[in-house]
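*Asks:* First, the structure itself, so that you have it in front of you.
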Amino acid sequence: MKCLEDFRWSESPRCACATPYVSKSIEEARKCDFIPKKERCSLRCKIGYNILGPDYIECQNNGKWGVFPKCQRVPCPEPMINSSTLEVKEKCSEKFFRDACVVTCREGGQLTDKAEIKCEDTGQWSTFPHCTCPVPKLSNDILLKNCNAPRPEEKCFLECKEHLKLIGDDFVLCQINTKWSSMPKCIHKICPPPNLTEYLEIKKNCSFKKIGERCEVACKYGGKINASNEIECLPTNTWSSLPDCLCPAPNITQSLLTLRGDCNFKKRNETCAVACPQGYATKTKDVIVCLPNATWSSLPLCVQTHCSRPVLNNEILKEGENCTFKKIKETCRVYCAQGGRLLGSNIIKCLIGGGWSFPSSCTCPSINISNGLSTKGDCSDMSPGKVCFVACNKGMTLRGKDSIVCQYNSKWSSQPKCVKAFCPSVVLQDDLLELKENCSTKTADEVWPDYIECQNNGKWGVFPKCQRVPCPEPMINSSTLEVKEKCSEKFFRDACVVTCREGGQLTDKAEIKCEDTGQWSTFPRCTCPVPKHSNDILLKNCNAPRPEEKCFLECKEHLKLIGDDFVLCQINTKWSSMPKCIHKICPPPNLTEYLEIKKNCSFKKIGERCEVACKHGGKINASNEIECLPTNTWSSLPDCLCPAPNITQSLLTLRGDCNFKKRNETCAVASPSGYEIDKGFIVCLPNATWSSLPLCVKTHCSRPVLNKEILKEGENCTFKKIKETCRVYCAQGGRLLGSNIIKCLKGGSGSFPQVAPVQA
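So for the sequence shown, UniProt numbering puts the first residue at 1; every next one is plus one.
Here is the structure:
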């Protein structure tokens with residue numbers, strides 16, 4: 001105090017309270033240094049605490065602070081989880097500010113944040129993390145798109161890696177239970193069996209080749225591949241370009257035909273020049289063509305364009321000029337070698353085929369009659385086969401026939417002889433007679449008659465003699481026949497052997513016979529022999545065909561003819577080249593999308609079988625084999641039944657037997673009570689797999705999981721429909737912070753109000 005000028009003391013100082021000492025949970029609302037008596041100091045609890053009592057202290061008369069309030073830690077209630085996917089892993093009703101409570105996803109989902117909630121200063125829990133589906137477990141073949149922590153009802157899109165094909169939907173759905181819907185599969189993109197051209201064939205099995213794999217091919221008929229003998233399965237599921245085939249070296253089966261130049265391995269549609277020897281020309285083109293199927297076209301025939309020197313029987317005909325190498329239709333003069341007259345023109349013509357036309361024959365020349373003989377009638381200008389009768393002059397007797405024949409070689413047959421007719425020695429019948437002279441040299445009036453006379457003495461007169469008629473050397477007009485022996489000394493009934501020059505087949509016996517006329521019997525003809533052919537070929541109209549005639553061919557059942565359907569009997573009585581028969585082969589089967597080949601089905605012959613299977617694990621509805629038919633097509637493909645459905649959703653159940661359903665048939669599925677599905681069935685698709693499983697979506701909420709220390713049901717809340725409501729109230733008598741109505745939300749969870757604390 002201070003002594004003032006009026007000698008009074010100033011007012012005495014007041015006593016103030018010192019700065020209060022507070023507990024750790026309390027803090028001053030403002031600075032409280034030197035607060036006078038009866039004045040207050042405002043206090044507050046630190047965050048996370050509630051004050052018990054007044055929020056101040058009063059400075060008392062004694063300079064001390066009054067009773068301090070207490071701060072109580074704010075507890076958080078048992079967490080009320082609105083999501084069916086979350087669950088609390090510990091007891092959380094005794095947690096306070098800044099304490100954490102561990103939460104997890106019920107079905108193994110993935111949390112979007114930390115696996116905890118924190119008790120805040122308001123006594124409420126921090127925001128709950130969401131459960132999302134975990135990263136899908138995928139095979140190495142599948143790539144993910146838009147899969148960043150997807151929530152229920154969201155999709156994660158998928159695609160296959162390069163060269164792979166997706167079987168099923170191109171997404172998986174994050175389901176309500178944070179599990180993924182069934183995962184599709186990736187299979188290798190496979191090229192179908194290659195559709196080869198008619199000249200190619202598969203060397204090894206080419207079924208189920210993946211992208212980048214190769215298939216070896218070869219030329220079906222022995223040609224040469226013009227590039228690589230492999231084709232590649234491309235990313236477009238098609239094969240790379242097919243190589244071309246070059247025709248092999250031509251097989252020249254005709255001895256007359258020759259190649260002009262190098263004809264080995266010609267390209268398709270290219271030609272190879274061929275030639276015939278001098279005097280011959282090709283009947284059609286002088287080229288053969290490498291056909292589109294990489295085989296050679298039929299060989300042309302060599303046909304004579306010139307005739308060689310005519311083979312004349314020099315006893316009958318001789319050339320009047322040089323007849324060597326005349327062209328077809330050109331002529332040549334001939335004349336009769338024996339001086340007779342030609343029966344017909346003196347012109348012979350070179351015919352198509354290389355043979356000559358010939359006059360029918362020559363007459364025999366005028367007879368140079370021998371001594372003692374004379375003709376009976378006019379024997380000039382006689383044609384072959386005509387007979388000229390002769391007789392001996394008086395006093396001569398005939399030895400031989402009383403005729404001579406104009407033979408086919410235009411010569412007269414041998415003339416008989418006239419000899420003196422001597423009577424034999426006379427034998428007298430009795431002793432009364434005797435000879436007065438030598439009678440052994442006596443002749444008769446006529447010599448060698450064709451009869452004998454009974455004489456006066458009772459004996460026969462002189463007997464005539466018979467001379468064998470010879471046949472001349474045969475004159476062969478055919479270039480295909482030849483005589484195998486000397487035939488000029490043959491007589492009546494003698495045979496002369498003939499054969500075909502070029503190995504042809506005779507139409508009759510291999511001989512001609514000398515007839516009683518001194519001429520040869522009709523010559524047999526040469527035909528082509530029965531063709532030598534494989535067991536696969538059948539012959540038609542092949543009964544001793546003559547040159548220029550055709551023998552038609554066909555293949556046995558299930559075989560295919562390569563080449564002409566005939567062979568030609570050529571001028572030389574040899575056959576043209578023989579075609580081939582190959583097995584009819586079915587192409588690789590064109591399967592449906594649900595079938596696959598179990599074993600190699602390339603080059604199957606008629607009647608052979610191919611085993612198939614269901615590609616996606618289904619069951620064959622009939623036989624698992626298809627047959628190569630005579631039409632070069634496959635028998636009907638079997639159908640596939642869908643396998644038993646693979647139910648990957650725990651909520652979904654099958655209604656009835658769904659094993660091995662037919663394509664387009666359905667299988668009924670059902671969801672449990674409180675759930676619904678968009679479709680009540682799955683379909684066996686055209687590829688014999690099941691359609692995507694429908695999703696089970698909640699239609700009702702189950703009984704709400706309430707923290708009974710905080711909330712209680714005001715009515716029965718069990719099995720409420722979506723959007724329906726239910727009343728609740730505060731278990732401790734407090735006031736609801738919000739409506740007393742909770743609603744069944746889409747997804748099957750409820751909305752919950754906050755609860756205000758109970759006032760003491």
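We put the CB at the ideal spot given by N, CA and C, even for glycine.
Since the model is a prediction, treat every value here as computed from it, not as a measurement.
#1: Which same chain residues end up closer than 7 Å to Pro54 when comparing Cβ atoms and leaving out the 5 residues on each side of it in sequence?
#2: What three-state label does DSSP hand Pro630 in the structure shown?
#3: Let me know if Val102 comes out buried or exposed under the rule of 16 or more other beta-carbons within 10 Å of its beta-carbon.
#4: Does DSSP put Pro686 in a helix, in a strand, or in coil?
#5: Short check: CB of Cys302 to CB of Trp296, under 8 Å?
#6: Go through its chain and collect everything with a Cβ distance to Glu611's Cβ below 7 Å, but skip five positions before and after it.
#7: Between Cys105 and the rest of its own chain, which residues show a CB-CB distance below 7 Å, the 5 nearest in sequence each way excluded?
#8: Pull up the distance between the alpha-carbon of Gly109 and that of Pro192, whole angstroms please.
#9: Pair every Cβ in the segment 660-668 with every Cβ in the segment 626-642, then say whether three or more of these pairs are closer than 8 Å.
#10: So His558 and Pro630 are in contact, right, with Cβ under 8 Å, and what is the actual spacing, rounded?
#11: Helix, strand or coil: how does DSSP classify Leu637 here?
#12: Could you give the DSSP three-state label for Thr19: helix, strand or coil?
#13: Taking C-alpha atoms, which residue in Tyr221, Ser93, Tyr49, Lys37 lies nearest to Cys66?
#14: Indicate the three-state DSSP secondary structure (helix, strand or coil) for Val758 in the structure shown.
#15: Could I get the ranges of all uninterrupted beta strand (DSSP E) runs contained in the UniProt domain "Sushi" (360-420), with 3 residues as the minimum, in chain order?
#16: Could one say the Cβ of Trp634 lies closer than 8 Å to chain C's Cβ atoms, at least one of them?
#17: Hey, how far is the Cα of Glu515 from the Cα of His306?
#18: From the DSSP output, which residues share a beta bridge with Cys586?
#19: Could you check the C-alpha separation between Cys186 and Ile142 for me, to the nearest Å?
#20: How should Asn572 be labelled, buried or exposed, when 16 other C-beta atoms within 10 angstroms of its C-beta is the threshold for buried?
#21: Is the number of C-beta pairs between the segment 361-380 and the segment 477-495 that are closer than 8 Å three or more?
#22: Looking at C-alpha atoms only, which residue of Pro531, Phe157, Leu373, Gln415 is the closest neighbour of Leu138?
#23: Look up Thr112 in the DSSP assignment and say whether it is helix, strand or coil.
#24: If Cys332 sits next to Glu319, beta carbons under 8 Å apart, how far is it from one beta carbon to the other, in whole angstroms?
#25: For the segment 348-359 against the segment 382-393, are there 3 or more C-beta pairs whose distance is under 8 Å?
#26: By how many angstroms is the C-alpha of Lys46 removed from the C-alpha of Ser23?
#27: Expressed to the nearest angstrom, what Euclidean distance is found between the alpha-carbon atoms of Asn62 and Asn50?
#28: Whole angstroms is fine: what's the gap from Phe34's alpha carbon to Glu58's?
#29: Is it the case that the Cβ atoms of Lys540 and Glu554 are separated by a distance below 8 Å?
#30: Quick test of your reading: Pro250 and Cys263, contact by CB under 8 Å. State the CB separation rounded to the nearest angstrom.
#31: Does any heavy atom of the ligand HEM sit closer than 7 Å to the C-beta of Leu693?
#32: For Thr258, which of Glu270, Trp239, Val287, Lys266 has the nearest alpha-carbon?
#33: For the segment 202-222 against the segment 170-177, are there 3 or more C-beta pairs whose distance is under 8 Å?
#34: What are the boundary residues of the beta strand (DSSP E) that includes Glu715?
#35: Let me make sure I understand the geometry here. Which of Leu595, Leu561, Phe492 has the alpha-carbon closest to that of Lys580?
#36: Leaving out five residues before and five after Pro545 in sequence, what residues of the same chain have Cβ atoms less than 7 Å from its Cβ?
*Replies:* According to the structure shown:
#1: Closer than 7 Å at Cβ, skipping near neighbours: Pro69.
#2: The DSSP-derived three-state label of Pro630 is coil.
#3: Residue burial annotation: Val102 is exposed, with fewer than 16 other C-beta atoms found within 10 angstroms of its C-beta.
#4: Here Pro686 sits in coil by DSSP.
#5: Cβ distance not < 8 Å, so Cys302 and Trp296 don't count as in contact.
#6: Here the set comprises Lys598, Lys599, Asn624, Glu625.
#7: Here the set comprises Thr85, Leu86, Leu111, Cys131, Thr178.
#8: Rounded to the nearest angstrom, the gap between the Cα atoms of Gly109 and Pro192 is 42 Å.
#9: The answer is yes - the segment 626-642 touches the segment 660-668, with three or more Cβ pairs under 8 Å.
#10: That pair is a contact at about 6 Å.
#11: Three-state result, Leu637: coil.
#12: DSSP places Thr19 in the coil class of the three-state scheme, outside both helix and strand.
#13: As written in the sequence, residue 66 is Gly, which differs from the Cys given in the question. Answer by Cα proximity: Lys37.
#14: Residue placement at Val758 cannot be trusted, given a pLDDT of 35 that sits under 50; what the coordinates show is reported in the next sentence. Looking at Val758 - three-state DSSP - the assignment turns out to be coil, as it is neither helix nor strand.
#15: DSSP assignment within the UniProt domain "Sushi" (360-420) yields the following whole beta strand (DSSP E) runs of 3 residues or more, N-terminal first: 373-375, 387-392, 396-399, 403-405, 417-420.
#16: Looking for chain C here will not work: only one protein chain is present.
#17: Whole-angstrom Cα-Cα distance: 36 Å.
#18: Note: Cys586 sits in a beta bridge opposite Lys604.
#19: Computed Cα separation, rounded: 7 Å.
#20: Asn572 should be labelled buried.
#21: At 8 Å Cβ cutoff, the stretches do not touch.
#22: Taking Leu138 as reference, the option from Pro531, Phe157, Leu373, Gln415 with the minimal CA-CA separation is Phe157.
#23: DSSP places Thr112 in the coil class of the three-state scheme, outside both helix and strand.
#24: Contact between Cys332 and Glu319 is confirmed by a C-beta separation of about 7 Å, below the 8 Å threshold.
#25: Between the segment 348-359 and the segment 382-393 there are fewer than three C-beta pairs closer than 8 Å, too few to call the two in contact.
#26: Rounded to whole angstroms, the gap between the alpha carbons of Ser23 and Lys46 is 10 Å.
#27: Approximately 29 Å, taken between the alpha carbons.
#28: Whole-angstrom Cα-Cα distance: 12 Å.
#29: Inclusion of Lys540 and Glu554 in the CB contact set at 8 Å is warranted, their separation being smaller than that value.
#30: Right, the Cβ-Cβ distance comes to about 5 Å (below 8 Å), so this counts as a contact.
#31: Questions concerning the ligand HEM fall outside what the structure shown contains, since it holds no ligand whatsoever.
#32: Taking only the C-alpha atoms, the option nearest Thr258 is Val287.
#33: As far as the Cβ criterion goes, the segment 202-222 does not touch the segment 170-177, which means the pair count is below three.
#34: In the DSSP assignment, Glu715 falls outside any beta strand (DSSP E) and carries neither an H nor an E.
#35: Cα-wise, what sits closest to Lys580 is Leu561.
#36: Closer than 7 Å at the Cβ level, and outside the excluded window around Pro545, lie Thr527, Cys528, Cys551, Cys569.
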